[in-house]
Amino acid sequence: MKNLILLTTALFAIFIVTGCDERIPTPGSATGNSGETNNAAIKAALAVNTWQYDEYSFKAGDSTRVVYRRSDPRYDDPTLKASYITFKTDGTLVGTLPTGTQNGTWKLIDNNGKLQVTIDGDIKNYQITKLNAQSFEYIEVFKKSDPGVTNWDLTLKALYLPANLTEYTGVSIMSPKK
């Protein structure tokens, strides 16, 4: 039993030091507990860098609309190119935009990588899909039925997405700011 505890402690230390795995761990995978370990590792990995956008796209079924890709001038977006986000260990965040900075808060709302960000009273939920020292990827689901949604059809048209959609996904890929 003592060896099992030492092994579990060593694995937990490796997990924390390396930031996080390629995929978000399942609850309790590092220690067998209810998931607190996962949140600690995710928080540590998020707060280690200032993150910059490498790519942003919208997906719906088989359709993908790339809006920005740092490595490809065909998909240039000055706003995303100059935007950064810093997650702090105290649960605050700073978003740096071309027009200035935004301050807010962040927290993990479950043990599977669901991230909640609040800026100026606006609450957004994201699902982290990949997190390590080189990459932070997350998605946001947009639904026609969400409160406050207006001009849904115009939005779909502007994004070159099919007109009959009731939801689509925003996909963000970020890397440490260089």
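Under mature numbering (1 follows the signal peptide of the UniProt record, and there is no 0), residues -19 to -1, 1 to 159 are what the sequence shown spells out, in order.
C-beta: ideal position from N, C-alpha, C; glycine also.
Computed from a prediction, not measured in an experiment: that's the story for all the values here.
Taking the C-beta atoms as reference points, SER126 is found no nearer than 9 Å to THR150. Counting along the chain, LYS62 sits inside no beta strand (DSSP E); it lies in the alpha helix (DSSP H) bounded by residues 59 to 62.
The Cβ atoms of ILE90 and LEU96 lie closer than 9 Å to each other. Our two residues, ALA28 and VAL152, have alpha carbons roughly 20 Å apart in a direct line.
For GLY85, the closest of ASN93, ILE100, PRO79, VAL122 by C-alpha to C-alpha distance is ILE100. Setting aside the 5 residues that flank it on each side, VAL47 is surrounded in the same chain by SER38, TYR56, each with a C-beta closer than 6 Å to its C-beta; the list follows chain order.
Taken atom to atom, the span from the alpha-carbon of ALA21 to that of ASN93 is near 12 Å.
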